[in-house]
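Visitor:
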Amino acid sequence: MSSQSVRRFKHGSNAIVGTILLIVSLVAVYYIADRSSWRIDLTRNQRFTLASATQNILKRLDSQVNVTVYATSEGTPPAWTEQRNQLRDLLMEYRSLSKGKVKFTFVDPSKDPAVERKAQENQIRRQLMAQESAKEMSAREGYLGFVVEHSGKTETVGVISPQHPLEYQLTMAINKVAQVSIPKIGIITPEVNQYVGEQGRYQAIPQVLQQEGYDIQSIAGSNYKQLLAADAPDMTFLLEPSKLSDEQLFQLDQYVMKGGKLFIASSSFNPAQPGMGNQPNGLQPFASPVNSILDEYGLRINEDLVEDWGLGVEMMLRTTRGPVITKYPLTFRITDLNKETSATDRLGNIAFQYASSISQTDKAVTGTITMLAKSSEKSLRQENLFRIDPTQLLQRPKDENNMKAYNLLAMANGVLHSKYADVKDEDLPILTKDDGTTYIVERANVLSQSKEGAAVIVSGSCDAFGDELIQQSPLNALLVLNLVDTNVRHGEMISLRSKMSEVPRLRIDIPASRKDLLQWLVIGGVPVCLIVLGIGVAVYNRMRRRRLGAIYGSSMED
Amino acid sequence: MSNIYRVFAREVRGYVSSPSSYIFLLLFLVIGSSLMLFLNRFFAFGAAQLDGFFVYVPWLFMFFIPAIGMRLWAEEKKTGTIELLMTLPVRDIEIVLGKYIGALALVLVALLLTFPLPWMVSSLADPKTPFDWGPIYCAYLASFLLGALILAVSAWVSSMTENQIIAFILACSLTFALYLIGFPAIVSMLPEWLGNLTSKLSPYQHFSSLYQGVIEAVDVVYFVGAIGLFLYLNTRTIESRRWA
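As they're listed, the protein sequences go chains A and B. Everything in the first sequence is counted per the working numbering, starting at 36 for the first residue and increasing by one. Everything in the second sequence is counted per the working numbering, starting at 3 for the first residue and increasing by one.
Here it is as structure tokens:
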């Protein structure tokens with residue numbers, strides 16, 4: 036072998052061995068890094084870090100939680116594969132944070148008929164997986180859901196919803212089966228006549244709350260005695276109260292005095308008024324029956340109807356001159372939400388309809404009043420006969436001097452004062468016993484100041500929490516969940532929920548001319564500067580060459 | 003270190019006086035921002051995010067960076083200046099690093115010049131849902147690391163040939179293939195073990211993970227390691243001229 040060949044062999048083998056060693060050491064470092072949990076989450080909401088709610092729930096676990104994931108593993112579309120991998124990563128984090136209390140297994144129902152039967156027994160739903168290739172589009176059925184089991188209780192997420200973060204769905208399921216005391220929520224809705232097929236328009240709120248793991252207690256009838264029972268709800272929703280007896284008002288007030296949390300969504304006019312169907316104008320303002328107790332807490336629902344000409348929702352109207360798209364000022368978005376309160380902090384906006392304004396009373400209030408939501412600065416109030424017919428509200432008022440923002444959602448908490456503390460003994464209400472007999476409340480049994488934790492939230496619109504508007508604006512449901520969470524579970528789930536609610540949006544009031552200017556400036560601004568710089572450099576180089584040419588001869592100029 | 007700096011300064015001077023670097027910057031900026039604003043209909047969607055820009059950055063890089071990288075060595079070989087470089091009292095690794103960092107500076111400038119985009123989006127964002135700068139910084143870091151990796155691959159390919167066109171086509175194909183094997187659509191067609199392997203090998207998963215706003219150790223290690231590997235291969239290839 037020549038010396039050159041030997042040299043080539045030596046260097047060549049040296050290079051190969053060096054490369055192999057480098058690759059091996061890189062793989063080893065990569066393996067260690069892959070297993071390390073070191074990460075910096077730079078997103079504002081810490082979107083990719085487990086929420087404090089998840090961390091607390093996992094740390095509180097007293098015994099083992101088993102998660103069985105039913106997932107088709109082969110031939111799944113990319114989005115499914117991605118979600119399956121994310122779920123696996125998330126469960127690994129849960130296992131590590133819970134110190135092994137969360138155990139999980141992945142099974143594939145598509146491979147084993149016995150597993151498929153088990154999945155179906157557990158309500159895991161089969162779904163269509165669309166697979167698109169360059170040649171064709173095919174679809175087959177597959178599974179992606181999970182069952183959480185803890186101490187004999189199970190919770191099934193039959194289909195992983197792409198609309199909610201995985202962490203939210205998983206934590207909610209674990210919380211539902213593992214929570215020690217399930218908070219109770221009372222719901223008082225207007226009575227409906229089921230015999231004529233009426234279903235009521237407040238079915239979404241109980242559903243949403245139930246999905247979150249709350250125990251829903253429907254309160255009906257002329258007597259709210261459940262509110263004063265030992266197992267009273269932790270929070271109660273009083274939706275669209277039209278008439279309340281003295282007894283009901285007393286029970287509501289004393290519920291608050293006992294430390295209960297009351298959410299009131301009031302109507303601005305009485306829908307039962309004659310003329311509603313045929314003559315939608317000239318509706319009488321509605322005096323809310325709850326004002327008599329609210330006054331003492333420092334809040335009042337005004338007898339007015341707020342028109343928001345700034346953030347009214349667009350709708351199409353048929354007029355005598357043809358269809359017209361207009362902003363209906365009685366259905367509007369609220370973007371001025373209190374940033375200091377976690378319940379409203381990250382919602383972005385909610386929708387309100389037929390709202391009365393809320394004001395503070397001038398009584399010596401002992402509690403704390405927080406205004407949670409306001410209409411836009413371009414709002415007016417109707418104070419006498421209400422006009423709600425859209426065709427009557429086509430034209431924006433010319434005089435904008437009277438326009439201003441109005442409070443529409445408020446909360447009173449802290450030490451609240453009962454109106455029954457100051458009434459004479461003979462004015463105390465008459466209550467009904469279980470056997471139907473009545474009695475006058477004894478002074479000694481009246482609580483005059485609320486216990487710790489009492490809160491009253493007042494909304495000027497009941498429609499905002501009706502099924503129709505909640506369907507159009509899911510953030511209204513989120514507001515309800517946040518408010519319940521703040522009052523019942525110290526707001527721990529809010530951080531988790533807010534992960535899905537916040538998508539940064541552009542301002543809606545950017546003029547088209549500004550958009551055009553900005554986009555051309557962004558596309559063309561820097562390139563124009565570059566061209567100028569390039570020309571400058573070329574001219575400088577040419578002059579330099581000429582100068583050098585003058586010194587050293589013409590050859591430098593070429 | 004001073005040798006690396008000298009080679010780096012020579013490269014940068016070359017870029018400043020070369021019209022091709024201005025054309026590269028100009029095309030990158032105009033195409034990148036037009037894709038976001040027009041093709042992705044930024045104003046129509048109304049989201050104050052830069053996904054519409056960063057989603058195209060890898061594809062732009064896969065085309066533009068091999069164009070920078072192709073001339074790193076191929077041109078030196080073609081014009082014969084590599085012989086001069088090799089005779090200088092400088093180690094091969096110093097030449098490789100100096101040239102690489104010089105070209106990387108151009109990629110960095112290209113990225114920095116896109117800053118009017120996030121500035122515009124942040125100034126138009128609704129104050130109620132404020133613009134999130136965290137993911138933007140991460141997306142810039144991800145783009146820079148991806149650009150650095152593509153440049154390292156291109157430089158290595160360039161060191162193996164004299165022909166700039168071949169270097170360009172090879173570098174484009176290699177980076178394209180490397181990126182594509184991590185695509186969920188490709189990964190889902192492969193057996194699970196192979197899919198896991200290819201997704202770990204591809205910069206796609208690491209870029210996507212970084213650009214969402216989370217800096218994870220594994221992603222940084224991947225990019226730094228892969229860049230190091232290709233620079234090492236580049237050095238070995240240059241070195242082989244001495245003993246081949």
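C-beta: ideal position from N, C-alpha, C; glycine also. Quick caveat, the model's predicted, so the values are computed rather than measured.
Along the chain, where does the alpha helix (DSSP H) that runs through D281(A) open and close?
Guide: 281–292 is the span of the alpha helix (DSSP H), which, as asked, contains D281(A).
Visitor: In whole angstroms, give me the CA-to-CA distance for E194(B) and E109(A).
Guide: Approximately 8 Å between the Cα atoms of the pair.
Visitor: Starting from E503(A) and walking both ways along the beta strand (DSSP E), at which residues does that stretch end?
Guide: Counting along the chain, E503(A) falls outside any beta strand (DSSP E), though it belongs to the alpha helix (DSSP H) covering 502–507.
Visitor: 8 Å is my cut-off, CB to CB: does W344(A) come that close to chain B?
Guide: Chain B, which has no Cβ nearer than 8 Å to the Cβ of W344(A), makes this no.
Visitor: Give the DSSP-derived three-state secondary structure of K134(A) in the structure shown.
Guide: Reduced to three states, the DSSP call for K134(A) is coil.
Visitor: In angstroms, rounded to a whole number, what distance separates the CA positions of D428(A) and S410(A)?
Guide: In the sequence on display, residue 428(A) carries Leu and not Asp. Approximately 17 Å, taken between the alpha carbons.
Visitor: May I ask you to report which of helix, strand or coil DSSP gives V491(A)?
Guide: Strand.
Visitor: Specify the secondary structure class of V92(B) as computed by DSSP and reduced to three states.
Guide: In this structure, V92(B) counts as coil in the three-state DSSP scheme.
Visitor: Beta strand (DSSP E) containing S302(A): first to last residue?
Guide: Where S302(A) is concerned, there is no enclosing beta strand (DSSP E), given that its DSSP letter is neither H nor E.
Visitor: Unbroken alpha helix (DSSP H) runs of length 4 or more, entirely within the region 163–205 of chain B: which are they?
Guide: Listed in chain order, the complete alpha helix (DSSP H) runs (minimum 4 residues) inside the region 163–205 of chain B are 166–182, 186–189, 194–203.
Visitor: Find the nearest neighbour of I529(A) within the set R82(A), S453(A), P148(A), judged by alpha-carbon distance.
Guide: Checking every option, the nearest Cα to that of I529(A) belongs to R82(A).
Visitor: In this structure, how does DSSP classify T366(A) when only helix, strand and coil are distinguished?
Guide: T366(A) falls in the strand class under three-state DSSP.
Visitor: Check each candidate in K293(A), S253(A), A239(A) and name the one with the smallest Cα separation from A265(A).
Guide: The option with the nearest alpha carbon to A265(A) is K293(A).
Visitor: I need the DSSP call for G310(A), collapsed to helix, strand or coil.
Guide: Unreliable positioning characterises G310(A) in this predicted model, as indicated by a pLDDT of 48, which lies under 50. The coordinate reading is nonetheless provided below. Here G310(A) sits in coil by DSSP.
Visitor: With 8 Å as the threshold, decide whether the Cβ of Y224(B) is near any Cβ in chain A.
Guide: By this cut-off, Y224(B) is an interface position.
Visitor: To which residues of the same chain is R43(A) closer than 6 Å at the C-beta, ignoring the five residues directly before and after it?
Guide: Around R43(A): no qualifying Cβ.
Visitor: Does DSSP classify T355(A) as helix, strand or coil?
Guide: In the structure shown, T355(A) sits in coil (DSSP, three-state: anything other than H, G, I, E or B).
Visitor: Just verifying my parser: in three-state terms, what is the DSSP assignment at L372(A)?
Guide: If DSSP states are grouped into helix, strand and coil, L372(A) belongs with the strands.
Visitor: Which residues share a DSSP beta bridge with S394(A)?
Guide: Answer is R335(A), bridged to S394(A).
Visitor: Identify every run of the alpha helix (DSSP H) within the region 179–249 of chain A, keeping only runs that are complete inside it and at least 4 residues long; order them along the chain.
Guide: Runs of the alpha helix (DSSP H) inside the region 179–249 of chain A: 201–213, 239–246.
Visitor: Does M38(B) pass the burial test, meaning 16 or more other C-beta atoms within 10 Å, or should it be called exposed?
Guide: The residue is buried, with at least 16 neighbouring Cβ atoms inside 10 Å.
Visitor: According to the Cβ coordinates, are Q395(A) and I404(A) closer than 8 Å?
Guide: Yes, the pair counts as a contact, with Cβ atoms nearer than the cut-off.
Visitor: A408(A) by DSSP, collapsed to three states: which one?
Guide: Correct three-state label for A408(A): strand.
Visitor: Mind checking A447(A): buried by the 16 CB within 10 Å criterion, or exposed?
Guide: A447(A) comes out buried.
Visitor: Using the C-alpha atoms, what's the distance from V515(A) back to R160(A)?
Guide: Cα-Cα distance, rounded: 29 Å.
Visitor: Is D155(A) helix, strand or coil when you go by DSSP?
Guide: The sequence given here has Gln at residue 155(A), not Asp. Looking at Q155(A) - three-state DSSP - the assignment turns out to be helix.
Visitor: Classify I220(A): buried if its beta carbon has 16 or more other beta carbons within 10 angstroms, exposed otherwise.
Guide: Label assigned to I220(A): buried.
Visitor: If we cut at 8 Å on Cβ distances, does S145(B) have a partner in chain A?
Guide: S145(B) does not count as touching chain A.
Visitor: Would S204(B) count as contacting chain A if we go by Cβ distances under 8 Å?
Guide: No, its Cβ sits nowhere closer than 8 Å to a Cβ of chain A.
Visitor: Below 8 Å, how does it come out for the region 10–29 of chain B and the region 57–76 of chain B: are there three or more Cβ pairs, yes or no?
Guide: Judged by Cβ distances under 8 Å, the region 10–29 of chain B makes contact with the region 57–76 of chain B, as three or more pairs qualify.
Visitor: Would you call the region 504–511 of chain A and the region 468–479 of chain A touching, i.e. three or more CB-CB distances under 8 Å?
Guide: The answer is no - the region 468–479 of chain A does not touch the region 504–511 of chain A, with fewer than three Cβ pairs under 8 Å.
Visitor: Between the Cα of Y181(B) and those of A169(B), L27(B), F225(B), spot the shortest distance and give me the residue it belongs to.
Guide: When only C-alpha atoms are compared, the closest one is F225(B).
Visitor: Run through DSSP, which three-state label would H452(A) get?
Guide: H452(A) falls in the strand class under three-state DSSP.
Visitor: DSSP puts Y474(A) in a beta bridge; with which residues?
Guide: For Y474(A), which the question treats as bridged, DSSP gives the partners L466(A).
Visitor: Considering only residues of the region 42–102 of chain A, which uninterrupted alpha helix (DSSP H) runs meet the minimum length of 4 residues and lie entirely inside it, listed in chain order?
Guide: Correct list: 87–95.
Visitor: Would you kindly report the start and end of the unbroken beta strand (DSSP E) that includes R577(A)?
Guide: R577(A) -> not in any beta strand (DSSP E); alpha helix (DSSP H) instead, spanning 547–587.
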